[in-house]
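S.K.: Residues in the sequence shown are numbered from 1 upward in steps of one, following full-length UniProt numbering.
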Amino acid sequence: MSVALLCVAGVALDALFGEPKRWHPLVAFGRMADRIEQRFNSGGRGWRSHGVTAWVLAVLPLTILATALSWLPYIGWLVDILALYCALGMRSLGEHVQPVAQALRSNDLEEARTRVGYLVSRQTSELDSTQVARAATESVLENGSDAVFAALFWFVVAGAPGVVLYRLSNTLDAMWGYRNERFERFGWAAARIDDVLNYIPARLVALTYAVLGNTRLALKCWRKQAPQWDSPNAGPVMASGAGALGVELGGPAIYHGELHERTQLGEGPQADADAIDRGWQLVQRGVWLWLLILCVGSEFYA
Numbered sequence: 001m002s003v004a005l006l007c008v009a010g011v012a013l014d015a016l017f018g019e020p021k022r023w024h025p026l027v028a029f030g031r032m033a034d035r036i037e038q039r040f041n042s043g044g045r046g047w048r049s050h051g052v053t054a055w056v057l058a059v060l061p062l063t064i065l066a067t068a069l070s071w072l073p074y075i076g077w078l079v080d081i082l083a084l085y086c087a088l089g090m091r092s093l094g095e096h097v098q099p100v101a102q103a104l105r106s107n108d109l110e111e112a113r114t115r116v117g118y119l120v121s122r123q124t125s126e127l128d129s130t131q132v133a134r135a136a137t138e139s140v141l142e143n144g145s146d147a148v149f150a151a152l153f154w155f156v157v158a159g160a161p162g163v164v165l166y167r168l169s170n171t172l173d174a175m176w177g178y179r180n181e182r183f184e185r186f187g188w189a190a191a192r193i194d195d196v197l198n199y200i201p202a203r204l205v206a207l208t209y210a211v212l213g214n215t216r217l218a219l220k221c222w223r224k225q226a227p228q229w230d231s232p233n234a235g236p237v238m239a240s241g242a243g244a245l246g247v248e249l250g251g252p253a254i255y256h257g258e259l260h261e262r263t264q265l266g267e268g269p270q271a272d273a274d275a276i277d278r279g280w281q282l283v284q285r286g287v288w289l290w291l292l293i294l295c296v297g298s299e300f301y302a
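#1: If we ignore side chains and look at the alpha-carbon of each, how far apart do Met90 and Gln38 end up?
#2: Considering only their Cβ atoms, is the gap separating Gly213 from Leu265 smaller than 9 Å?
#3: What number of angstroms, rounded off, separates the C-alpha of Val100 from the C-alpha of Leu82?
#4: From what residue to what residue does the beta strand (DSSP E) around His260 run?
#5: Quick check: what's the CA-CA separation for Thr137 versus Tyr74?
#6: What's the gap between the Cα of Ser92 and the Cα of Val27?
#7: Since Arg113 and Thr124 are thought to touch, with beta carbons under 8 Å apart, how far apart are those beta carbons, to the nearest angstrom?
#8: Let me know the secondary structure DSSP gives Gln38 once reduced to three states.
#9: In chain order, what residues of the same chain have a beta carbon less than 7 Å from the beta carbon of Asp14, not counting five sequence neighbours either side?
#10: Tell me the rounded alpha-carbon separation between His96 and Arg115.
#11: Give a yes or no on whether the C-beta atoms belonging to Pro232 and Ala150 are separated by under 9 Å.
#12: Drop a sphere of 10 angstroms on the beta-carbon of Gln228, count the other beta-carbons inside from all chains shown, and report buried for 16 or more, exposed for fewer.
#13: When the Cα atoms are used, what is the spatial distance from Asp230 to Ala206?
#14: Roughly how many whole angstroms lie between the Cα atoms of Pro25 and Gly144?
#15: For Gln123, which three-state DSSP category applies?
#16: Measure the beta-carbon distance from Gly241 to Leu282 and round it to whole angstroms, keeping in mind my assumption that it falls under 8 Å.
#17: Can you tell me whether Leu72 is helix, strand or coil according to DSSP?
#18: Could you tell me whether the region 152-161 touches the region 45-61, using the rule of 3 or more Cβ pairs below 8 Å?
#19: Are there 16 or more other CB atoms within 10 angstroms of the CB of Met238, so buried, or fewer, so exposed?
#20: Can you tell me the Cα-Cα spacing of Leu127 and Gly117, whole angstroms?
#21: Look at the alpha carbon of Phe183 and the alpha carbon of Phe17, and state the distance between them as a whole number of angstroms.
#22: Run through DSSP, which three-state label would Glu111 get?
#23: So, Val11 versus Leu291, is the Cβ gap smaller than 9 Å?
#24: Tell me whether the beta-carbon of Val247 lies closer than 9 Å to the beta-carbon of Gln225.
#25: Quick one: residues in its chain with C-beta nearer than 7 Å to the C-beta of Leu259, no 5 flanking neighbours on either side, listed in chain order?
#26: Tell me whether Trp176 is buried or exposed, calling it buried when 16 or more other Cβ atoms sit within 10 Å of its Cβ.
#27: Kindly give me the distance between the Cβ atoms of Trp188 and Arg285, rounded to whole angstroms, as I take these residues to be in contact under 8 Å.
#28: Can the beta-carbon of Ala33 be found closer than 9 Å to that of Leu172?
#29: Would a C-beta distance cut-off of 9 Å place Leu168 and Thr63 closer than the cut-off?
#30: Give me the DSSP bridge partner(s) of Gln270.
#31: By DSSP, does Leu265 sit in helix, in strand, or in coil?
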């Protein structure tokens, strides 16, 4: 079965069923990662070398297992599809961002704050409606890159082993990749590896957003604003996405009780409920574009 058809099947399963309800492999992996972190970073005393060891123990055995299973005759293609399905978070992303927009349209700010709190790590209890919309729009652009496009990219590159390696690494970055006293040293490897794995996908996503939106403004914001963002990969994705949508994102935000002065992203009016919906539609159209390119490419090289 061609890579294009495998990708279509994985995306279709995600669209039909979303994340597994009773038991999600990433939830089980998270519990295992917590135990590994307690062993190698007890009391936040782990060094970079401990973080590297912990990353290897958490990620490589499962990647090797995925490799062995994907090579099995007759059922290897099924393993590929299931691995991609479990790695994708497209339907889940929509299920989380759409209620935020709905709450804003109903002028239910408390519900909107609660809902956006499921998406972002910043403090949401005192956000106004514009700040809630900004946070949700930023999240849909960035999480679209991490949980959808990058997973597709690494599946195309290396099949089940590639998507498993990427998704587990991305999960560890979300768990360990913080710049605080506990994870500054131990989480260094998880953060750097995720940066490397996302480098090319993030720029392809930024280009995708630009092509499907206000191309000229998106490229301008990508060029001028992305270098000022803390993350080398989120910067291009969010700057291009904000420009493509023609809205203003970024700006100050409170994380873990500390104010972070973030640069402005994009140009235009302040984000609102419509910006959230348009961001979600941008991600969806981007996925269909990628699948179309894969299908046309597979026919061309057949």
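Just so it is clear, CB atoms sit at the ideal spot from N, CA and C, and this is done for glycine as well.
M.R.: In terms of the structure at hand:
#1: 31 Å
#2: no
#3: 30 Å
#4: Glu258 to His260
#5: Those two C-alpha atoms are separated by around 42 Å.
#6: 14 Å
#7: 5 Å
#8: Correct three-state label for Gln38: helix.
#9: Tyr85, Leu88, Met90 and Arg91
#10: In this structure, the CA atom of His96 is about 7 Å from the CA atom of Arg115.
#11: no
#12: exposed
#13: 16 Å
#14: Across the structure, Pro25 and Gly144 are spaced so that their CA atoms are roughly 20 Å apart.
#15: coil
#16: Between Gly241 and Leu282 the beta-carbon gap is near 7 Å, inside 8 Å, which marks them as a contact.
#17: Correct three-state label for Leu72: coil.
#18: no
#19: By the 10 Å Cβ count, Met238 comes out buried.
#20: 10 Å
#21: In this structure, the straight-line span from the alpha carbon of Phe183 to that of Phe17 is close to 35 Å.
#22: helix
#23: yes
#24: no
#25: Here the set comprises Pro252.
#26: buried
#27: Not really, about 36 Å apart at Cβ, beyond 8 Å.
#28: Yes. Within cutoff.
#29: yes
#30: Glu248
#31: Of the three classes helix, strand and coil, the one that applies to Leu265 here is strand, per DSSP.
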